[in-house]
Amino acid sequence: MENTEGQKLKEELFNDKKTGWEGMSEEIRSAVFKFADEYMDYLNSSKTEKEIVKTSKDIFIKNGFVDLNEKQDLKAGDRVFLVNRDRTIFSAIIGQESLENGIRMIAAHGDSPRIDLKPNPLYEDSGLGLFKTHYYGGIKKYQWTNIPLSMHGTFVKSNGEKIEITMGEKEEDPIFTISDLLPHLAAQQMDRKLKEGVQGEELNIVAGSIPFEDEKVSEAIKLNILKLLNDTYGIKEIDFTSSEIEFVPAFKAKSLGFDRSMVAGYGQDDKVCCYTALRGILDIGTPKNTAVCVLTDKEEIGFCGVTGMESKTFEYFITELLNKADQNRPNALEKVFHNSKVISADVDGAFDPSFPSSFDKTNSCFIGKGPTIVKYTGSRGKSGASEAPAEFVAEVRGIFEKNSVVYQSSELGKVDLGGGGTIAVVLANRGMSVIDCGVPVLSMHSPYEITSKFDVYQAYKAYEAFYKG
Ligand code: MN
Ligand code: MN
Numbered sequence: 002m003e004n005t006e007g008q009k010l011k012e013e014l015f016n017d018k019k020t021g022w023e024g025m026s027e028e029i030r031s032a033v034f035k036f037a038d039e040y041m042d043y044l045n046s047s048k049t050e051k052e053i054v055k056t057s058k059d060i061f062i063k064n065g066f067v068d069l070n071e072k073q074d075l076k077a078g079d080r081v082f083l084v085n086r087d088r089t090i091f092s093a094i095i096g097q098e099s100l101e102n103g104i105r106m107i108a109a110h111g112d113s114p115r116i117d118l119k120p121n122p123l124y125e126d127s128g129l130g131l132f133k134t135h136y137y138g139g140i141k142k143y144q145w146t147n148i149p150l151s152m153h154g155t156f157v158k159s160n161g162e163k164i165e166i167t168m169g170e171k172e173e174d175p176i177f178t179i180s181d182l183l184p185h186l187a188a189q190q191m192d193r194k195l196k197e198g199v200q201g202e203e204l205n206i207v208a209g210s211i212p213f214e215d216e217k218v219s220e221a222i223k224l225n226i227l228k229l230l231n232d233t234y235g236i237k238e239i240d241f242t243s244s245e246i247e248f249v250p251a252f253k254a255k256s257l258g259f260d261r262s263m264v265a266g267y268g269q270d271d272k273v274c275c276y277t278a279l280r281g282i283l284d285i286g287t288p289k290n291t292a293v294c295v296l297t298d299k300e301e302i303g304f305c306g307v308t309g310m311e312s313k314t315f316e317y318f319i320t321e322l323l324n325k326a327d328q329n330r331p332n333a334l335e336k337v338f339h340n341s342k343v344i345s346a347d348v349d350g351a352f353d354p355s356f357p358s359s360f361d362k363t364n365s366c367f368i369g370k371g372p373t374i375v376k377y378t379g380s381r382g383k384s385g386a387s388e389a390p391a392e393f394v395a396e397v398r399g400i401f402e403k404n405s406v407v408y409q410s411s412e413l414g415k416v417d418l419g420g421g422g423t424i425a426v427v428l429a430n431r432g433m434s435v436i437d438c439g440v441p442v443l444s445m446h447s448p449y450e451i452t453s454k455f456d457v458y459q460a461y462k463a464y465e466a467f468y469k470g
């Protein structure tokens with residue numbers, strides 16, 4: 002039956018977004034599922050910021066990228082990467098145009114909320130060996146108790162010797178966990194506000210319970226744990242001083258739902274954008290403008306520090322591109338930044354039908370409707386946002402539409418309810434045009450985050466189109 006005039010007009014004028022699964026061809030569907038399988042493998046081997054750099058570096062190398070330090074000069078089509086202290090990786094494909102005409106960059110972050118050990122973590126109490134922790138990033142603390150945790154650690158001895166330990170990922174490995182109070186005795190705890198339900202100092206990790214056999218020695222359980230660590234890795238208690246020990250959920254990423262349409266997995270904020278930004282740059286040939294992919298660290302605690310997006314190591318990377326392409330001169334770096342176009346690829350909280358009152362439904366992003374453009378972040382009157390100018394939003398939207406990328410646009414939650422920021426602001430402050438665009442996530446910052454396989458695939462398509470320009 003022919004549509005009525007009103008129906009036709011509505012179709013033409015409304016911005017009604019359907020789920021991307023509707024009317025999908027078999028060919029796209031199998032591409033979506035294949036991509037998701039590869040993404041889940043990446044998630045399972047990249048739970049920490051160091052692991053994501055290692056895994057990503059391997060993918061770059063397989064795809065013809067070489068360490069920038071090994072290149073004397075650069076020409077169009079050259080593929081390079083630079084690793085900053087094992088925690089951030091910058092990569093680039095040199096474009097046909099001069100760098101001064103700007104780069105096209107996608108930046109995502111590889112760090113995710115987790116449980117870190119304190120500097121003097123190991124203690125013994127009431128028959129248990131325990132670790133004291135300090136959480137990293139914004140978490141709902143109660144979500145991190147009673148789940149299997151794996152340990153991903155680096156000890157560096159004072160002589161520089163590095164010992165990497167991963168425990169809890171292999172089937173035969175032991176796991177760790179944080180205990181919580183039994184409901185029978187939790188009357189007082191249940192009266193606490195949810196945010197104090199489990200407090201920071203209560204996030205203690207159970208690490209052992211067998212004492213070292215010697216009646217004369219005190220803290221024998223702690224001693225036994227240290228002996229095990231010493232026997233296997235040569236570690237003493239003092240070595241915790243110069244260590245980074247991270248505890249993350251031990252479970253693997255899995256397909257979610259009868260229809261397997263979603264991915265449940267730890268750390269998808271923002272490893273989903275890392276993977277899609279990385280995959281997006283691999284097959285673009287020699288782009289017009291130099292394409293840059295950044296997987297940065299320390300986003301979850303404010304972009305700061307020597308491996309965060311604020312670090313001048315980023316300037317160092319771009320300057321080295323200028324030097325080796327023989328294009329450097331006074332102010333060249335500033336000119337590159339001024340003419341550059343950037344997607345800050347970070348996830349957004351998807352509308353959750355179980356908690357509708359926290360969202361403005363007409364301005365939320367939804368699982369399954371593609372990556373979402375976020376014009377501004379911030380909170381309470383857009384404070385702290387680097388709001389993208391409408392002209393730049395239009396340009397990015399135009400690229401997506403030309404390439405048949407399914408996308409949506411949103412802001413995070415209701416006005417004045419909360420908010421958040423991304424690395425967009427630190428890139429905009431350098432003089433670059435920046436917009437946020439990333440994958441919608443349910444249960445964001447929880448130990449088991451949810452994304453749609455369709456959105457993951459579309460983000461990859463969106464980023465690829467953006468690099469090409
Ligand atoms: Mn993020
Ligand atoms: Mn986050």
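Position one of the sequence shown corresponds to residue 2 (our numbering), numbered consecutively onward. Here a beta-carbon is modelled for each residue, glycine too, at the ideal position from N, C-alpha and C.
Pick out the complete beta strand (DSSP E) segments inside the stretch 81-148, 3 residues or longer, and give them in chain order. 89-94, 105-110, 115-126, 129-137
At a cut-off of 8 Å, would you count VAL348 as near ligand 2, judging by its Cβ distance to the nearest heavy atom? yes
Can you give me the C-alpha to C-alpha distance between LEU83 and LEU69, rounded to a whole angstrom? A straight-line Cα-Cα distance of about 6 Å links LEU83 and LEU69.
Return yes when the C-beta of THR423 is under 8 Å from any heavy atom of ligand 1, and no when it is not. yes
Nearest to LYS196 (by Cα), restricted to the options ILE374, LYS313, TRP145, TYR408: TRP145
Rounded C-alpha distance that separates THR378 from VAL348: 12 Å
Closer than 6 Å from C-beta to any heavy atom of ligand 2: which residues, in chain order? ASP270, GLU301, HIS446
By Cβ distance, which residues of its chain are closer than 7 Å to ILE319, with the 5 residues on each side in sequence left out? LEU334, VAL337
Under the three-state reduction of DSSP, which class applies to MET152: helix, strand or coil? Of the three classes helix, strand and coil, the one that applies to MET152 here is strand, per DSSP.
Express the C-alpha separation of LYS325 and ASP74 in angstroms, rounding to a whole number. 4 Å
In the DSSP output, which residue or residues are listed as bridge partners for MET263? Paired residue(s): LEU257, SER453.
Taking one C-beta from the stretch 117-129 and one from the stretch 207-218 each time, how about it: are there three or more such pairs within less than 8 Å? Below 8 Å, enough C-beta pairs join the stretch 117-129 and the stretch 207-218 to call them touching: three or more.
Would you check whether ligand 1 has a heavy atom nearer than 8 Å to the C-beta of HIS135? no
Using only the alpha-carbon positions, how far apart do LYS133 and GLU203 sit? 9 Å
Taking buried to mean at least 16 other C-beta atoms within 10 Å of its own C-beta, is ASP232 buried or exposed? exposed
Say whether the stretch 252-266 touches the stretch 103-111, bearing in mind that this needs 3 or more beta-carbon pairs closer than 8 Å, one atom from each stretch. no
Answer yes or no: do ILE94 and ASP79 have a C-beta to C-beta separation smaller than 9 Å? A contact, by the Cβ cut-off of 9 Å.
Does DSSP classify SER405 as helix, strand or coil? coil
Look up GLU170 in the DSSP assignment and say whether it is helix, strand or coil. coil
Is it a yes or a no for the stretch 218-229 touching the stretch 156-176, going by three-plus beta-carbon pairs under 8 Å? These segments do not touch.
Range covered by the alpha helix (DSSP H) that runs through VAL295: Counting along the chain, VAL295 falls outside any alpha helix (DSSP H), though it belongs to the beta strand (DSSP E) covering 292-297.
Measuring only the C-alpha atoms, how far is PRO149 from THR363? 37 Å
Give the secondary structure of VAL207 by DSSP, where H, G and I count as helix, E and B as strand, and everything else as coil. Three-state result, VAL207: strand.
Give me the Cα-Cα distance between GLY303 and LYS35, rounded to the nearest whole angstrom. Cα to Cα, GLY303 sits roughly 34 Å from LYS35.
Around the Cβ of THR97, are there at least 16 other Cβ atoms within 10 angstroms (buried) or fewer (exposed)? The question names Thr, yet the displayed sequence has Gln at residue 97. GLN97 is exposed by the Cβ-count criterion.
Let me know the alpha helix (DSSP H) ranges lying completely inside the stretch 344-370, each 4 residues or longer, listed in chain order. You should have found no qualifying run.
Exposed unless 16 or more other CB atoms sit within 10 angstroms - verdict on THR5: exposed
Which term fits ASN147, buried or exposed, when burial requires 16 or more other beta carbons within 10 angstroms of its beta carbon? exposed
For a test of the three-state rule: what should DSSP assign to LEU182, helix, strand or coil? coil
For the stretch 234-254 against the stretch 22-34, are there 3 or more C-beta pairs whose distance is under 8 Å? As far as the Cβ criterion goes, the stretch 234-254 does not touch the stretch 22-34, which means the pair count is below three.
Spatial neighbours of GLY369 within its chain, please: C-beta separation below 7 Å, excluding the five flanking residues on both sides. Taken in chain order, the residues that qualify are THR20, GLY21, TRP22, SER453, PHE455, ASP456.
Contact under 9 Å by Cβ, LYS342 with SER434: yes
Give the DSSP-derived three-state secondary structure of VAL54 in the structure shown. helix
Between TYR458 and ASP327, what straight-line distance do the alpha-carbon atoms span, to the nearest angstrom? Near 37 Å, if we compare the C-alpha coordinates of ASP327 and TYR458.
Kindly confirm or deny that the stretch 293-307 and the stretch 395-409 touch, where touching means at least three C-beta pairs closer than 8 Å. no
Tell me whether the beta-carbon of ALA292 lies closer than 9 Å to the beta-carbon of TYR137. no
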